[in-house]
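Residue numbers for the sequence shown follow the UniProt record's numbering, so the first one is 1 and each next one is one higher.
For each residue, glycine too, the CB sits at the ideal point set by N, CA and C.
On a predicted model such as this, the values are computed, not experimentally measured, just so you know.
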Amino acid sequence: MASAASTSASAAVAVASRLLLRRAPHLLRRLPRARPAASSSHPSSSSFGAAAVLRRPLGHRARMGHTSAAASAVPALGLTKANAVELPQVAFTGKDIEFSDWKGDILAVAVTEKDLYKGSDSKFENAVLKKLDAQLSGLLSEASAEEDFTGKAGQSVVLRLSGQGFKRVALVGLGQSAPSTAAACRGIGESVASVAKSAQASSVAIVLASPAGIQEGFKLNAAAAIASGTVLGLHEDSRFKAESKKVHLKQVDLIGLGSGSELDQKLKYVNDLSSGVIFGKELVNAPANVLTPAVLAEEASKIASEYSDVFTATILDVEKCQELKMGSYLGVAAASANPPHFIHLCYKPVGGNVKRKLAIVGKGLTFDSGGYNIKTGPGCSIELMKFDMGGSAAVFGAAKALAQIKPPGVEVHFIVAACENMISGTGMRPGDILTASNGKTIEVNNTDAEGRLTLADALVYACNQGVDKIIDLATLTGACVVALGPSIAGIFTPSDELAQEVTAASELSGEKFWRLPMEESYWEQMKSGVADMVNTGGRQGGSITAALFLKQFVDEKVQWMHIDMAGPVWNDKKRAATGFGVSTLVEWVLKNSSSS
């Protein structure tokens with residue numbers, strides 16, 4: 001009995017060792033090695049060898065199908081698979097024609113409240129509406145009154161017609177004034193997309209009732225924003241539904257906003273950019289049982305495979321991350337059955353000639369339970385913690401867009417330390433001390449402040465690439481949502497120049513950011529008695545102390561910005577991802593390229 005018990009115990013330890021080696025090899029030293037049942041006290045080389053065979057290879061260059069095979073070997077929990085769905089494929093054309101001559105399914109007219117004013121003769125004062133109403137024998141005037149359409153933002157009315165070149169006419173409300181920002185113009189596109197989906201239209205023309213309200217220098221960007229809003233408004237993520245809706249709209253003509261090669265190039269750019277935004281949205285929408293760290297690495301590697309003329313991919317496994325001394329990142333990953341994948345995509349322009357090197361780093365927690373400081377209670381949103389990789393989605397969405405745009409003169413590194421923050425006997429505990437790859441030690445006083453721990457090693461790695469500027473994006477703190485609400489991201493940077501660059505990029509993208517202070521005196525909260533720092537301070541100024549923590553892992557010679565996008569990553573009303581960050585990142589890279 002004693003011998004059988006000894007053999008059983010040895011087998012159990014061997015199995016536990018193999019499991020732990022796959023999940024958290026750096027903790028293997030905590031377990032005793034299995035000993036032979038009837039031999040001396042020397043460790044069994046055969047048991048050690050059996051475990052060693054299961055080790056994954058060192059950090060590898062991703063090749064087509066390499067990561068895919070690993071990620072696809074085991075079916076997703078629940079046997080869930082994403083269905084193949086048709087993405088919007090819309091051709092945009094700028095036309096300088098009379099709107100009354102256009103032929104197609106829907107003529108959409110964007111109107112302000114002022115455009116709807118009528119004179120004493122009960123006819124529209126606006127020239128476009130007056131002409132259109134006359135063409136329709138007063139139908140437009142009657143319908144706007146009967147439908148109580150006042151031109152407020154978000155309002156729309158659609159009329160079915162007969163005997164006209166267009167089958168329907170739609171009035172889309174703009175509010176009190178003509179659009180003057182990218183966000184407002186994008187809203188026009190979204191409203192038109194909604195109307196087109198309801199009517200199952202295949203062709204639409206968009207015209208502004210008061211085109212003079214748009215400044216000449218803004219027309220190109222206005223057209224681009226309208227087109228972007230249309231594509232993104234058409235997109236519905238139905239990959240995980242039993243049935244998906246078909247996208248009917250194929251052609252959109254923009255009337256009165258210019259025409260020619262410059263506009264055509266801008267509209268092509270919109271399609272490239274929109275594909276990146278949709279990719280980012282779909283990454284965030286994917287549930288954690290489908291989008292594991294391995295699958296995220298696979299999706300990133302596909303970008304490099306498809307655009308191998310400008311991209312390479314490097315995926316680092318646990319053992320390689322150990323060699324690079326990424327203790328902070330690996331500490332977070334240690335509890336999960338899904339191993340971490342450190343992802344590095346590198347964009348180099350065709351022909352070389354690099355004048356500037358950039359890095360974009362994204363938080364890649366494919367699920368965050370909170371660890372031993374588990375998320376509990378009202379407002380914890382644990383059911384939404386698939387979106388804790390929203391920063392990485394912005395990074396890879398931007399990578400996909402830039403792969404198609406191919407800006408010259410700039411090298412860009414896209415870096416994500418992907419993992420899960422789970423709970424198990426191998427996981428980090430409150431009070432543990434982690435050592436980051438720059439040698440700094442961190443006392444973990446809260447396992448739910450894990451994102452900054454992964455970003456610490458990712459930022460050190462980014463600095464080691466010899467870059468000039470770094471932007472990191474993360475769904476990092478609830479404190480930032482409390483401060484700025486659900487639609488504005490907080491930016492933190494010691495560099496006024498970098499702040500100005502991103503602000504200028506956001507004005508083109510229509511995404512909202514607000515610069516918050518990096519108050520150095522708050523660092524007192526982050527001091528530890530036994531390590532270089534703790535990983536979280538008190539409740540007050542939580543987003544600021546998080547940014548100050550990240551600053552400890554950035555080379556002082558590198559311009560750096562942290563973006564806390566915990567609010568705008570998700571749309572509660574639509575219960576879906578927003579794709580936030582992609583557009584601004586692309587515009588920022590373009591501003592740093594030699595084409596700007």
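Nearest-angstrom Cα separation, counted from Gln89 out to Trp102: Residue 102 sits at position 102 when you count from the first residue of the sequence shown. Residue 89 sits at position 89 when you count from the first residue of the sequence shown. For Trp102 and Gln89, the distance between alpha carbons rounds to 21 Å.
Where Gly163 falls: helix, strand or coil (DSSP): For the purposes of this step, residue 163 is identified with residue 163 of the sequence shown, where counting begins at 1. Of the three classes helix, strand and coil, the one that applies to Gly163 here is coil, per DSSP.
Paired residues, beta bridge with Arg515 - DSSP: Within the sequence shown, numbered from 1, the residue matching residue 515 stands at position 515. By DSSP's assignment, Arg515 forms a beta bridge with Ile491.
Boundaries of the beta strand (DSSP E) in which Asn421 is found, first to last residue: Indexing the sequence shown from 1 puts residue 421 at position 421. Asn421 -> beta strand (DSSP E) spans 410-421.
Span of the alpha helix (DSSP H) around Glu507: Position 507 of the sequence shown, counting from 1, holds the residue named residue 507. That run of the alpha helix (DSSP H) goes 496-509.
Cα-Cα separation, Ala16 to Cys419: Sequence index remark: in the sequence shown, residue 16 carries index 16 (1-based). Sequence index remark: in the sequence shown, residue 419 carries index 419 (1-based). For Ala16, the predicted model reports a pLDDT of 42, less than 50, meaning its position is unreliable; a value from the coordinates is still stated below. In a straight line, the C-alpha of Ala16 is about 21 Å away from that of Cys419.
The region 288-308 contacting the region 363-372, beta-carbon criterion three pairs below 8 Å: Yes, they touch.
Spatially closest choice to Glu113 from Leu220, Leu132, Ile470, Ala145, by CA coordinates: Taking the first residue of the sequence shown as 1, we reach residue 113 at position 113. Nearest in C-alpha terms to Glu113, of all of Leu220, Leu132, Ile470, Ala145, is Ala145.
Boundaries (first-last residue) of the alpha helix (DSSP H) holding Gln322: As a working mapping, residue 322 is identified with position 322 in the sequence shown. Taken as a continuous stretch (DSSP letters only), the alpha helix (DSSP H) holding Gln322 covers 318-323.
Among Ile226, Thr454, Ala479, nearest to Gly327 - alpha-carbon criterion: Position 327 of the sequence shown, counting from 1, holds the residue named residue 327. Among Ile226, Thr454, Ala479, the Cα nearest to that of Gly327 belongs to Thr454.
Val318 and Glu450 closer than 7 Å at C-beta: Sequence index remark: in the sequence shown, residue 318 carries index 318 (1-based). Sequence index remark: in the sequence shown, residue 450 carries index 450 (1-based). Cβ distance not < 7 Å, so Val318 and Glu450 don't count as in contact.
Touching by the beta-carbon criterion (3+ pairs, under 8 Å), the region 183-196 and the region 229-237: yes
Any beta strand (DSSP E) of 3 or more consecutive residues that is wholly inside the region 288-343: 311-316
Reduced DSSP category for Val586 - H, G, I as helix; E, B as strand; rest coil: Residue mapping note: residue 586 aligns to position 586 of the sequence shown, counting from 1. Val586 falls in the helix class under three-state DSSP.
CB of Ala393 within 7 Å of CB of Gly276, strictly: As a position in the sequence shown, residue 393 is number 393, starting the count at 1. As a position in the sequence shown, residue 276 is number 276, starting the count at 1. No; because the gap between Cβ atoms is not below 7 Å, this pair is not in contact.
For Gly581 and Ile374, the rounded distance between their alpha carbons: Counting from one through the sequence shown, the residue named residue 374 turns up at place 374. Counting from one through the sequence shown, the residue named residue 581 turns up at place 581. One C-alpha to the other measures close to 28 Å.
Exposed unless 16 or more other CB atoms sit within 10 angstroms - verdict on Glu520: Against the sequence shown, residue 520 aligns to sequence position 520. Under this definition Glu520 is an exposed residue.
Coarse secondary structure for Asp237, derived from DSSP in three states: Locating residue 237 in the sequence shown gives position 237, counting from the first residue. Looking at Asp237 - three-state DSSP - the assignment turns out to be coil, as it is neither helix nor strand.
Option nearest Gln540 by Cα separation, candidates Ala193, Gly478, Asp264: Residue mapping note: residue 540 aligns to position 540 of the sequence shown, counting from 1. For Gln540, the nearest C-alpha among the options comes from Gly478.
Three-way DSSP call (helix, strand, coil) for Leu273 in this model: By one-based count along the sequence shown, residue 273 stands at place 273. Correct three-state label for Leu273: helix.
Sufficient close CB pairs (3 or more, under 8 Å) joining the region 481-497 to the region 540-550: Flag = yes, the region 481-497 and the region 540-550 touch.
Between the CA atoms of Asn126 and Ser593 - distance to the nearest angstrom: As a working mapping, residue 593 is identified with position 593 in the sequence shown. As a working mapping, residue 126 is identified with position 126 in the sequence shown. If you take the alpha carbons of Ser593 and Asn126, they lie about 43 Å apart.
Candidates Gly370, Phe99, Gly409: closest to Gln164 by CA position: Along the sequence shown, one-based indexing puts residue 164 at 164. The shortest C-alpha separation from Gln164 is found at Phe99.
Contacts around Ser506, its chain only, beta-carbon distance under 8 Å, and the 5 residues preceding and following it disregarded: Residue 506 sits at position 506 when you count from the first residue of the sequence shown. Excluding sequence neighbours, Ser506 sits near Lys512, Phe513, Thr584, Glu587.
Distance between Phe387 and His26 (C-alpha atoms, nearest Å): The residue labelled residue 26 in the question sits at position 26 within the sequence shown. The residue labelled residue 387 in the question sits at position 387 within the sequence shown. No answer about His26 holds up, because its pLDDT of 42 lies below 50 and its placement is not dependable.
Secondary structure, alpha helix (DSSP H): runs of 4+ residues fully inside the region 119-153: 127-135, 139-146
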